[in-house]
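First up is the structure itself, then whatever we jot down about it.
In my numbering, the protein residues as written are 141 to 294.
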C-alpha cells in the first residue's frame, strides 16, 4: 500500500526506514526512481496524482531500495505501456539474477515465460498446475492455460 499524500520520494523514504535503511540520501532515492523509469518531474509529486503505471514503478522502487530478498507483485505490467512493461521485465530479470525471489501473479503469459523459473495456473482460486522452466519451454503454455480455463466453462 502506497500513501497518496506522500510524494514518490517520501514513500520510498518511509518504506526504506521501515525496512531499517536509515542512511539513504535524496540521491539514492532519485537513482532508484530513475532505474525503474519514473519521470524526474514526478519524484517530488504526490502519489495521488500518479497513473497506475507510475504507482507500479514506485512500488518496484521501494522493493529495490529496501533490498528486499523476496518481491511479491500483483499484475506488475498492468497500467504500463509496452515500452515500460519491457523495461520492468528487464529489471525483474536483473533482480532475479541478483538472487532475489519474485512471486508474480499475472495474466500475461508471454512476459511470465520470459522471467519465470516456474509457472503455476490457478483456476477458481486453486493452484491446478505447476511447470518448471524446462517443462513450459517445451510446450505451448498458452494452450495449457486455455485448456484449463475451458474445463472451468464446461
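For each residue, glycine too, the CB sits at the ideal point set by N, CA and C.
- As a beta-bridge residue in DSSP terms, residue 259 pairs with 271.
- Between the alpha carbons of residue 285 and residue 230 lies a gap of roughly 24 Å.
- Distance check between residue 272 and each of 266, 252 and 288 places 252 closest, using alpha-carbon atoms only.
- The alpha carbon of residue 184 has as its nearest neighbour, out of 268, 192, 191 and 169, the alpha carbon of 169.
- The C-beta separation of residue 245 from residue 221 comes to about 21 Å, leaving the pair out of contact by the 8 Å criterion.
- The shortest CA-to-CA distance from residue 182 to any of 162, 146 and 205 is the one to 146.
- Taking C-beta separations shorter than 8 Å and ignoring five residues to either side along the sequence, the partners of residue 177 in its chain run 197, 224, 227 and 228, following chain order.
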